[in-house]
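Structure record follows, encoded as structure tokens.
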Amino acid sequence: MQTKTNRSFLKWMGGKGRVIPQLLQYLPKGERLIEPFVGGGNVFINTNYKQYLLADINQDLINVYNRLKAEPQKLISLVDFYFSQNPNYYEARELFNNSSQTNKRAALFIYLNRHCFNGVCRYNKSGQFNVPEGKHKNIYNPTNELMLFSEKLNQIPFSIELLRCDYKNTVNYASNGDVIYCDPPYLPLGGDVSFNGYTPSTFDYNETEQLAYHLYKAVKRGACAVISNHDTSDTRYLFRQFKIYSIQARRSVAANGNREQAKEIIGVLTPDMV
Ligand SMILES: C[S@@+](CC[C@H](N)C(=O)[O-])C[C@H]1O[C@@H](n2cnc3c(N)ncnc32)[C@H](O)[C@@H]1O
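For the sequence shown, this note's numbering assigns the number 84 to the initial residue and increments by one for each residue that follows.
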């Protein structure tokens, strides 16, 4: 029997929506789930840990989650307002780039995410969101998904911590009994320089090696670590200390529009292995 998977209100590159049933089998039990690369939050809304530490380097993303946690009705009404006004995409983008008001910026971020090319999130050197408009036949206002997400964020008071920071800081918070799930930007297939649609930084071989090292240290402290990545000889080498499982995944949003199945690894490292 297929279990129902909750969907995030965001379309997010590399979002884990489509592999949730496979992924859940490999997530160990624990009190707290730490997600250093929370992205669209698909793992968060499909799991039932008592506590969460959700982090990402993307400031706008964490602002959306903060607003949705603090003032869900206000944000949802503002999102409804923009969807009903239906401003021209490029005007909405300019409004977003010139706004520092947190609720307005969060609502416009959601509006842009639904209207832009493939849900890509990319900024220019001055930090301006610069993704072109997508070609969509039907644009969907994700009110139900926003409500579900906000309920989950507010389920147990003080049990969910949101951080905007680099993954190294987040992993350093992990201690005995924590479960860390890492879904970083993937290493490119075939060694090409891939388009990284999230932030101005790139997540390359050395950065992935650093991630493996920081996770190893966290597991030495008693945490469990689970990672996702492409299934390549490089990733199998970099995560060689992990127990590696191979899965077939049809990614939800790819920068080049290619949504075909690709082999991915899920790596698991537990304290008894280090
Ligand atoms: C593949 S996505 C995560 C997708 C998420 N699991 C989901 O289901 O939607 C990768 C995330 O890593 C974040 N990221 C990139 N570099 C980072 C860094 N150095 N530290 C923390 N987060 C980073 C990006 O902003 C992006 O949200």
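Glycine included, each C-beta is placed from N, C-alpha and C at the ideal position.
The structure presented is a predicted model; accordingly, all values stated were derived computationally and were not measured.
* **Local Cβ density within 10 Å of residue 210, reported as buried at 16 or more and exposed below that** => It is exposed - the Cβ of residue 210 has fewer than 16 other Cβ atoms within 10 Å.
* From residue 123 to residue 93, what distance separates their C-alpha atoms? -> Rounded to the nearest angstrom, the two C-alpha atoms are 6 Å apart.
* To the nearest angstrom, how far is it from the Cα of residue 296 to the Cα of residue 247? -> When the Cα atoms are used, residue 296 and residue 247 turn out to be separated by approximately 21 Å.
* Asked: Using DSSP with H/G/I as helix, E/B as strand and the rest coil, what is residue 220?
  -> If DSSP states are grouped into helix, strand and coil, residue 220 belongs with coil.
* Heavy atom of ligand 1 less than 7 Å from the Cβ of residue 321, yes or no? -> Relative to ligand 1, residue 321 has its C-beta separated by 7 Å or more from all heavy atoms.
* With 16 as the cutoff for other CB atoms within 10 Å, does residue 234 come out buried or exposed? -> Answer is exposed; the Cβ neighbour count stays below 16.
* To do: With distances taken Cα to Cα, identify the nearest neighbour of residue 132 among 286, 326, 261.
  => In this structure, 261 is the residue among 286, 326, 261 with its C-alpha nearest to the C-alpha of residue 132.
* What residue does the beta strand (DSSP E) around residue 347 start on, and which one ends it? -> Per DSSP, residue 347 belongs to the beta strand (DSSP E) from 344-352.
* Would you check whether ligand 1 has a heavy atom nearer than 7 Å to the C-beta of residue 286? => At least one heavy atom of ligand 1 is nearer than 7 Å to the Cβ of residue 286, so yes.
* Asked: Any idea what DSSP makes of residue 139, helix, strand or coil?
  -> DSSP places residue 139 in the strand class (E or B) of the three-state scheme.
* Could you work out which residue in 186, 151, 215 is closest to residue 227 when comparing CA atoms only? => Answer by Cα proximity: 151.
* Any chance the stretch 254-272 sits against the stretch 306-322, with 3 or more Cβ pairs inside 8 Å? -> Touching, yes, given that three or more Cβ pairs across the two stretches are closer than 8 Å.
* Buried/exposed call for residue 241, threshold 16 Cβ in 10 Å -> Exposure of residue 241 is indicated by the presence of fewer than 16 other C-beta atoms within 10 angstroms of its C-beta.
* Asked: How is the beta strand (DSSP E) around residue 197 delimited, first residue to last?
  -> Unbroken run through residue 197 is the alpha helix (DSSP H), 185-198; no beta strand (DSSP E).
* Asked: Can you name the start and end residues of the beta strand (DSSP E) that residue 326 belongs to?
  -> For residue 326, the enclosing beta strand (DSSP E) stretches over residues 326-333.
* Between the stretch 185-196 and the stretch 164-177, do at least 3 Cβ pairs fall closer than 8 Å? -> These segments touch.
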